[in-house]
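Enquirer: First to last, the protein sequences are chains A and B.
In terms of this note's numbering, the numbers along the first sequence are unbroken and rise by one, the last being 1038.
In terms of this note's numbering, the numbers along the second sequence are unbroken and rise by one, the last being 280.
All residues carry an ideal CB built from backbone N, CA and C; glycine is no exception.
Just so you know, these numbers come straight off a predicted model, no measurement behind them.
The structure's right below; bear with me while I get my questions together.
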Amino acid sequence: MDSSAIRSRLAGAEGRLFWRSLGELSDTPQFREYLHREFPEQASQWNNPKGRREFLKLMSASLALAGVGACVKQPEERIVPYVRQPEEMVPGRPLFFATAIPFGGVAAPVLVESHEGHPTKVEGNPQHPAALGGSDIFAQASILTLYDPDRLQSIRFRSEVRGWGDFFSAMKGQLGAQRPRQGAGLRFLTERLTSASAAEQIATIKQAYPQAKWHVWDPTAKAAGAPSATYDFTKADVVVTLDADFLTGGPAAIRYTRDFAGRRRAAADAEAAEAAEHVMNRLYAIESTPTLTGAKADHRLPLRASEIAAAAQALSGGNGSGTFSNSAAQAFIAAAAKDLQAHRGRSLVVAGDYQPAAVHAIARQMNEALGNVGVTVTYGPSVDINAGDHAASLRELTQAMHSGQVDLLVILGGNPVFTAPADLHFDVALTKVALSVSLSMFPDETAFVTHWNVPEAHPLESWGDARAFDGTVTVMQPLIAPLYDGKTLQEVLAVFIDAQTGKNAHDLVKEFWTRAYAGTVPGWTFTDPTGQPFKSADSFWRHVLHDGWITGTAAAENGGRRAEGGNVATSDAVASTSAQAPAIAPGPSSALPPPSSSGLEIIFRPDPMIWDGRFANNGWLQELPKPFTKITWDPTAWMSANLAKEKGLIDGDLVELRYRGNTAKLPVAVVPGHPEQSVTVFYGYGRQVTGRVGSSADATAREFDVYKLRTSDALHFGTGLEIAKVGRYLLARTQEHHLMEDRHPVRIATVEEYRKDPEVIARFGERPPRTLTMIPDWDYSQHYKWGLSIDLTSCTGCNTCTIACQSENNIPVVGKEQVDNGREMHWIRVDHYYEGTPEDANSIKTHHQPVPCMQCEKAPCELVCPVGATTHSAEGLNDMVYNRCVGTRYCSNNCPYKVRRFNFLLFQDWETPSLEPLRNPDVTVRSRGVMEKCTYCVQRINLARIDAKREDREIRDGEIVPACASACPADAIVFGNLNDPNARVSKLAARERTYGLLEELNTRPRTTYMAELRNPNPELS
Amino acid sequence: MSQVFHRSTNIWSKVSIVLGLAFVTFLAWIVVSLSWSGYVTGQSVTVDQPVQFSHAHHVGSMGIDCRYCHTTVEESPFANIPPTKTCMNCHSQIWTSAPILEPVRASFRDNTPLRWTRVHDLPDFVYFNHSIHVAKGVGCVTCHGRVDRMPLMLQENSLQMSWCLNCHRNPDQYIRPRDQVFSMTYERPANDPDFGKRLVTEYKIADVKQLTSCSTCHR
């Protein structure tokens, strides 16, 4: 990277300059060469090492097939009807079932599409208050995990296959020995749990074995002692985050994104008369590692993780005093504090999960003093049934294991051998346990060393229950019988309870909630959505299974269950005293650890895609480009441009990380906006034992395990890191793929500028006259005219659309090597643009833009296809006909948006039987040599059109929702008929902030964008 | 250098050009006629089935409506092959010991489905939808032929794309009133040239542009 070139380029730029990567910004010769190639170098070569013989074999085979292709008989197909057809089953039409996918114990409420008994697609549950139809990447990708052929497939004892009965009697034998000792040698270890039925089971076990202990460990658990808060972003005008990433990383983010983005959109599109009513919220992000929340913020202050506490203190003091590594900090904090003061009762301070309890306490004090509690934030008991200090809990367990007190350890979920902090030496301790049991979905590091392995049922195979982030009880029902003998947590716990012997998961869950309905489980009263009691237990249960959740069980509604909820009585007093003082809520300063300034800081974060490592075998998540870096398949160590320069590092350098006597290796990624003298490392990679997809590719990749650096006293950050370059490592990143040189793909304005002069967006580009085209006009007036609007004001860059599209449209995974060749297949990508100077972290602004096919009315791709494989449909779609495509790739070459994807190789897995039921039967599975691209989910359009025509009516607005729009938690994507002036999409398309991507080319794209509006504080600009 | 070939051999070069062209044409003819033949398209070919089910008997002689078995034809892309239970509705009462029905009884007894061989097999990149065709007045007979005269099921038409397009380009020539869709014997009025066009308007059948857009059938 040549920083002088970058500076001169930035200085010479006219208007606003957006850039995607440091390579682009410095405009190196390598970058220009990359850019001007149609495909990356050697992209059209076949690098399979099998060699000449294989090549000749394939060539002769393809010649023969090309010659007689037309005469090849189809293989005979069988039709296998039911013996007794289930009621309500219409073969050929999918059914939808409401269930939940727990993530970190918390339910992500979903609707799952099922074709003749096999689930194919996960959608958000539109009625559930915690989802409102949105979902996230983890829920979307869970369907691939269900069908993963590498899952643990049978019960094993010391690597030998056993039956459930064997396990059952082995456990009963152990319990017999434990009973006289009151279970003193019995230990359970779980992850975070919110299931009320499991809670009751655990309580029952503890009653029978009072000395038995239950421990909990989740590597991503928030700091011990931090209060549990739920936020209402619809009411917050000013939001200040303290290292909090509320827009990603868990089921709560789905609803938070919807609320936060909804406020932004409403304000952006408010007419002048209602502008006062719809104030755009303002987000100040004080954060360490760059997050998508920080990217969305109107103002972002990069600070080291260890300085956040001091910043929180300064914020609550209201004056920004204190010394920070970032010179902009004082002014920033003072302005944010002033803004908070000006919005009492309509503001919100959010503390991050990975910050210590002291920061949470300050945030809570501020919220109380500002009168926000009960309005924008509710504090209450956690929805976890086992909230507590995870590190202390695991430490206690490990000590007991080391001292030989544990006779039977039952590990229910999680992978502690891999994820436990290094200083606890959990793996060593495990060898001292007489008998260990693990319940896990994959043969992982823990299953490798435990005696009994029980395969865990996937959530889509399970009866169960969990609570949503707001407390709503969400019931899980299976979409399919367990594929591999899987057992649920409840079923394994039932083995330890005499009264539940032989009961299956369905009976356990139904029986618990029926008892709760009848009032024999204390604390629950249920009413139907109208507030009336249910007619009978049966009608209650049917209602719950239909909806997937129980009305009125959210913690805020069920007042009794959340004793601390609502307005805290003392908050008024605090607010009145602080009203005179400039301080928001001066907190106790002694509780804070002193910020350390010696050595580099290390920040531990879960990987944004594979999380704590649990999704390592999920190819969709592995290949999803990570935020900011757009790197796939590998973790990186993030650092600022200045630190990289100081250490002589560039992207892709492999560094050794030395921290507290332990070492690990990671490749470097320079991330503009990262705080100085600080390095973020992501745990989850470096898996030793897992499936084929997630296993580390080579010896180097096995050293990416940064859990080895993590210690239980400082789980989320610490100082004293040393780094040294040890080599280079190939990173597969999509950042520079599919570029559109120097035009203005993203358009940005402040809400003030836009309200004053709505034309500010149009002035970014030019709209050529409509007649200036060689392509003949097409009459759309007699048909539907499909259009898609993407609102960049709402979009948070979370990537959920990409993975939803992958799931809906049978898009293959190509692997790291092919991604490096520029052959990734995602039909909708999320482009990422930077603005600012890389060396100045404060100047960095980030923008996201999802790019699907534009479905141009004057489509350049259609003109150049020699075989008519891409044609214009009556409704204006650029149809792609796979069976006609011969793979010339002219269309892709001529596409200015670079949204076409080519199957260079046979990327689809035709071999693995378990992946067959995963595929959407309504979409063709493409083979090698075929071009493909976004179709606006034409299968959904056709289905709706047929249904409407059968009923002799027009398609209703909102009846067709493409997979990306349906999954989007921010509701940023809207699809509809542009010929209908009342359609939502038409109204959006008529807004002044709507523009077409590269509209100067006069392709008349049907996909349009709504410019990003931000709401900066004038005092800080 | 002297001539390698004598002038008299010119005839061979002429003959080989003509023969060569003829051979290429012949090859092309073979390829084309093979691909249009029933051997490849499956037209008019009967296939082995687990039970020699006769539509001629059940539809022709007994007069059972198509929808008694093909229950989902009006609401789903797939017309449904009846579950064994549907067969047993009658055959638990009549022909209860006929040897030809043993596979059906076995299926019902053992709860193992019958495995039929698909007769009308479209390529996997074609997405045909029964419900919309039935709703817009395409009779069963129009595509499937007189199944009431078929002792063994066979494919009446080629099911090639050109055959589909005949109707998608000129729906007025093929459709019939909705109440006659399931009739085996319906004849269109011979002396009413505008009959089809009136139905097209009445049933709001999409225009040819829409009916021949690629994504209407391929996706």
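#1: Within 9 Å (strictly less), CB to CB, does Q956/A reach chain B?
#2: Helix or strand or just coil, what does DSSP make of D848/A?
#3: From the DSSP output, read off the bridge partner residues of N895/A.
#4: Cβ closer than 7 Å: which chain B residues qualify as neighbours of R967/A?
#5: Could you check what DSSP says for M383/A in three-state terms: helix, strand or coil?
#6: Classify P433/A as helix, strand or coil using the three-state DSSP reduction.
#7: Look up A731/A in the DSSP assignment and give the residues it is bridged to.
#8: Does the Cβ-Cβ distance between D254/A and S364/A come in under 9 Å?
#9: So, is D185/B buried or exposed, given that buried needs 16 or more other C-beta atoms within 10 angstroms?
#10: What would DSSP say about W530/A, mapped onto helix, strand or coil?
#11: Using three-state DSSP, classify P599/A as helix, strand or coil.
#12: Assuming R275/A and A961/A form a contact by the criterion Cβ under 8 Å, report the distance between their Cβ atoms to the nearest whole angstrom.
#13: If we cut at 9 Å on Cβ distances, does R136/B have a partner in chain A?
#14: Given that N172/B touches chain A, what residues does it touch there, using C-beta distances under 9 Å?
#15: With a Cβ-Cβ cutoff of 9 Å, do R745/A and G832/A count as a contact?
#16: Which value, in whole angstroms, describes the spacing of the CA atoms of C151/B and H132/A?
#17: How is the alpha helix (DSSP H) around M493/A delimited, first residue to last?
#18: Kindly say whether C275/B, judged by its beta-carbon, lies nearer than 9 Å to any beta-carbon of chain A.
#19: Using alpha carbons as the reference points, say which of T489/A, D482/A, D487/A lies closest to P495/A.
#20: Tell me the rounded alpha-carbon separation between F924/A and N959/A.
#21: Which ranges would you report for the alpha helix (DSSP H) in the stretch 199-235 of chain A if only whole runs of at least 4 residues count?
#22: Taking 9 Å as the CB-CB cut-off, is T941/A touching chain B?
#23: In this structure, does DSSP put A417/A in helix, strand or coil?
#24: Note down, in chain order, every chain A residue with its Cβ under 9 Å from the Cβ of L82/B.
#25: Name the chain A residues that come within less than 7 Å of S168/B, Cβ to Cβ?
#26: Where L210/A and Y851/A are concerned, what is the direct C-alpha to C-alpha distance, given to the nearest angstrom?
#27: What do you get for Q823/A, buried or exposed, if any count of 16 or more other CB atoms within 10 angstroms of its CB means buried?
#28: For chain B, check one thing: does any of its Cβ atoms lie closer than 9 Å to the Cβ of E928/A?
#29: May I have the straight-line CA-CA distance separating H865/A from H181/B, to the nearest angstrom?
#30: Would you mind telling me which residues of chain A sit closer than 7 Å to Q271/B, beta carbon to beta carbon, in chain order?
#31: According to DSSP, what are the bridge partners of T736/A?
#32: In angstroms with no decimal places, state the Cα-to-Cα distance between L183/B and M211/B.
#33: Could you please tell me which residues of the stretch 136-154 of chain B, in chain order, have their CB closer than 7 Å to any CB of chain A?
#34: Cutting at 7 Å between CB atoms, please list the residues of its own chain near P550/A, excluding the five before and the five after it.
#35: Taking C-alpha atoms, which residue in L1037/A, E1029/A, S1038/A, P1035/A lies nearest to A312/A?
#36: In chain A, which residues lie with their C-beta within 9 Å of the C-beta of R179/B?
Expert: Judging by the given coordinates:
#1: yes
#2: strand
#3: Answer by DSSP bridge pairing, in chain order: H889/A.
#4: S192, I193, A196
#5: For M383/A, the secondary structure class from DSSP, reduced to helix, strand or coil, is helix.
#6: helix
#7: Bridge partners of A731/A: T728/A.
#8: Yes; because the gap between Cβ atoms is below 9 Å, this pair is in contact.
#9: Per the 10 Å Cβ criterion, exposed.
#10: helix
#11: Note that P599/A scores a pLDDT of 43, beneath 50, so its modelled location is shaky and nothing firm can be said.
#12: Incorrect: roughly 24 Å between the Cβ atoms, too far for contact.
#13: Residue identity check: residue 136/B is Glu in the sequence provided, not Arg. Chain A contact via Cβ: present.
#14: V100, R101
#15: no
#16: 30 Å
#17: Premise fails: M493/A lies in the beta strand (DSSP E), 490-493, not in any alpha helix (DSSP H).
#18: yes
#19: D482/A
#20: 27 Å
#21: 213-225
#22: yes
#23: helix
#24: The contacting residues do not exist; L82/B stays about 18 Å from chain A at best.
#25: V100
#26: 39 Å
#27: buried
#28: False, the Cβ-Cβ gap to chain B never drops below 9 Å.
#29: 48 Å
#30: H800, A891
#31: Here T736/A is bridged, per DSSP, to E618/A.
#32: 21 Å
#33: E136, S137, P138, F139, N141, I142, P143, P144, T145, K146
#34: Same-chain partners within the cutoff: T544.
#35: E1029/A
#36: E93, E94, R95, I96
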